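Top to bottom, those sequences are chains W and S. Residue 1358 in the numbering used here is what sits at position 109 of the first sequence, and the numbering runs on without skipping anything. Residue 1259 in the numbering used here is what sits at position 10 of the second sequence, and the numbering runs on without skipping anything. Each residue gets a CB set at the ideal place from its N, CA and C atoms; glycine is no exception. Remember, it's a predicted structure, so these values are computed and weren't measured experimentally. This report concerns only the one structure given below.
Number of protein chains: 2
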Amino acid sequence: MDFSSKLLENAVNEMSQLPGIGKRTALRLVLHLLKQPKEHTEFLANALQKMREDIKFCKSCHNISDVDICEICVNPNRNHHIICVVEDIRDVMAIENTGQFRGIYHVLGGKISPIDGIGPSQLNITSLVEKVKSGNVQEIIFALSSTMEGDTTNFYIYKQIKDTNVITSSIARGISVGDELEYADEVTLGRSIINRIPFENSIKNN
Amino acid sequence: MDFSSKLLENAVNEMSQLPGIGKRTALRLVLHLLKQPKEHTEFLANALQKMREDIKFCKSCHNISDVDICEICVNPNRNHHIICVVEDIRDVMAIENTGQFRGIYHVLGGKISPIDGIGPSQLNITSLVEKVKSGNVQEIIFALSSTMEGDTTNFYIYKQIKDTNVITSSIARGISVGDELEYADEVTLGRSIINRIPFENSIKNN
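Here's what the structure looks like:
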């Protein structure tokens, strides 16, 4: 693209560094900002910079938090002996929205992915293993997405804690509630048969 | 969405003010910035703010420009008697890319759109009419998109300059080169028949 302004070109180039934002979309967004009052751009730029500079992570579960220990980790009404292992804050938000989990979380910050250059040392794995070895944990629930990277990460952690007394579990994979069987992929359908549950349990959850 | 951090929530809220960016996408983009080195966010924020603060518009054609009079308007090799009227910089870039136009532009900055509260006074129409009345213009080419707003804007300008000696033209509407007739919409196909051109001209352009 041949811009008539370096300022515009810079803004578009920086914007198009974001994932899923191409040059055309970036130009559309930047031109939108130009049509808005100056304050809009200022608020956006400040919010991003302040977030990036001052963001903190909970010292216990590593979730994003404005305080040292997050709301969930300080809540005495939650079961601190059950830890749900997730990839990032989006998973915490999704599980919290269900209202079905009263334990606490451990946020890994990613999955082991050699292709992307992410090894175990870049994730919050050591602190999880330490928590388990301290003896205060009853159950670890693996709730990573079931991709190759997710499975690898689960297994890497599992190997380090399997000799402790902790119970390990994985969230159930199966047909989504309301989905038609015929459209489900084979692997999911296959797993949902192997991992079938007592009928009484399936009624209980409704 | 229930965020565990006000800083994160602010950043997501500001990001989701951009057109076509919902809360989920905004969260994904912001989390991406969190995983990148701090400089990335700084560069983005600075580029946006600097652009919004310092951007200038060409005093002649109103296109975005870092100098008082833009490159196109100062170029002596361009025909300053033919003015192509467009909505914004994206149209200038698109037409420049074709390499088919050697005149100059006049950027309106939008289209008349009562629904969006945009009247003629918010667009760069007066300066265009003045240019025409100064007598230095031979031809005005209307190149706004052919929507109701585009047609209204064209007609509004046309009424003010129709008593001068200027030639007014509109870019050709028709079937895209390479498109199948059967998939063309009726209005476009109809216009392409009414506004047919001598066969020799159609060969010349290939």
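Counting only the Cα atoms, LYS1299(S) lies some 51 Å from VAL1436(W).
Runs of the beta strand (DSSP E) lying entirely within the region 1298-1374 of chain S and spanning at least 3 residues, in chain order: 1331-1335, 1353-1356.
Not a single C-beta of chain S is nearer than 8 Å to the C-beta of GLN1349(W). With 16 or more other Cβ atoms from the protein chains shown falling within 10 Å of its own Cβ, HIS1311(W) counts as buried. Between the region 1325-1340 of chain S and the region 1349-1361 of chain S, the count of C-beta pairs closer than 8 Å reaches three or more; the two stretches touch. Within chain W, the C-beta atoms nearer than 8 Å to that of PRO1268(S) come from ARG1277, LEU1278, HIS1281, in chain order. Per DSSP, the unbroken alpha helix (DSSP H) holding PHE1404(W) starts and ends at 1397-1410. One thing to note: VAL1415(W) has its Cβ within 8 Å of the Cβ of VAL1381(W).
For GLU1320(W), at least one C-beta of chain S is nearer than 8 Å to its own C-beta.
Here ALA1296(W) is buried: its Cβ has 16 or more other Cβ atoms, across all protein chains shown, within 10 Å. Out of ILE1331(W), GLU1291(W), MET1264(W), the CA that lies nearest to the CA of SER1418(W) is found in ILE1331(W). When only Cα atoms are considered, LYS1284(W) and ARG1301(W) end up about 26 Å apart. With a cutoff of 8 Å on beta-carbon distance, ALA1392(S) and CYS1307(S) are scored as not near each other.
A direct Cα-to-Cα measurement between ILE1361(W) and GLN1371(W) gives close to 9 Å. In this chain, the beta strand (DSSP E) harbouring ILE1390(S) covers 1388-1391. In the displayed model, ILE1424(S) falls within coil according to three-state DSSP, outside both helix and strand. Annotated three-state conformation of THR1417(S) is strand, per DSSP. Looking from the CA of GLY1384(W), the closest CA among ASN1403(W), THR1413(W), TYR1405(W) belongs to THR1413(W). Interface with chain S (8 Å Cβ-Cβ cutoff): THR1402(W) is excluded. Using a CB distance cut-off of 8 Å, ASN1312(W) counts as an interface residue toward chain S.
Chain W places a beta carbon closer than 8 Å to that of HIS1289(S), counting this residue as a contact.
Contact between MET1264(W) and LEU1293(S) holds: their C-beta atoms lie close to 7 Å from each other, under 8 Å. For the pair ILE1313(S) and SER1254(W), the CB atoms are nearer than the 8 Å cut-off.
Contacts with chain S (Cβ-Cβ distance below 8 Å) from the region 1252-1264 of chain W involve PHE1252, SER1253, SER1254, LYS1255, LEU1256, LEU1257, ASN1259, ALA1260, ASN1262, GLU1263, MET1264, listed in chain order. Contact annotation: LEU1256(S) and ASP1315(W) have beta-carbon atoms nearer than 8 Å.
Between LEU1267(S) and LEU1278(W), the C-beta gap is smaller than 8 Å, which places the two residues in contact. If you check the CB distance, ARG1351(S) and SER1395(S) do not come in under 8 Å. Close to LYS1308(W), with beta-carbon spacing below 7 Å, lies no residue of chain S; the smallest spacing is near 13 Å.
Contact of GLN1387(S) with chain W is not assigned, every C-beta pair being separated by 8 Å or more.
The alpha-carbon of ASP1365(W) is positioned some 38 Å away from that of ASP1303(S). Taking C-beta separations shorter than 8 Å and ignoring five residues to either side along the sequence, the partners of GLU1336(W) in its chain run VAL1356, LEU1357, GLY1358, GLY1359, LYS1360, LEU1393, SER1394, GLY1399, following chain order. For ALA1294(S), the nearest CB of chain W lies under 8 Å from its own CB, placing it at the interface with that chain. For ILE1270(W), same chain residues with a beta-carbon under 7 Å away, outside a window of 5 residues either side, are MET1264 in chain order. In the same chain as HIS1289(S), and ignoring 5 residues on each side of it, the C-beta atoms closer than 8 Å to its own belong to LEU1282, in chain order. In the three-state reduction of the DSSP assignment, ALA1275(S) falls in the helix class, which pools H, G and I. Spanning the alpha carbons of ILE1406(S) and VAL1378(S) requires a straight line of approximately 8 Å.
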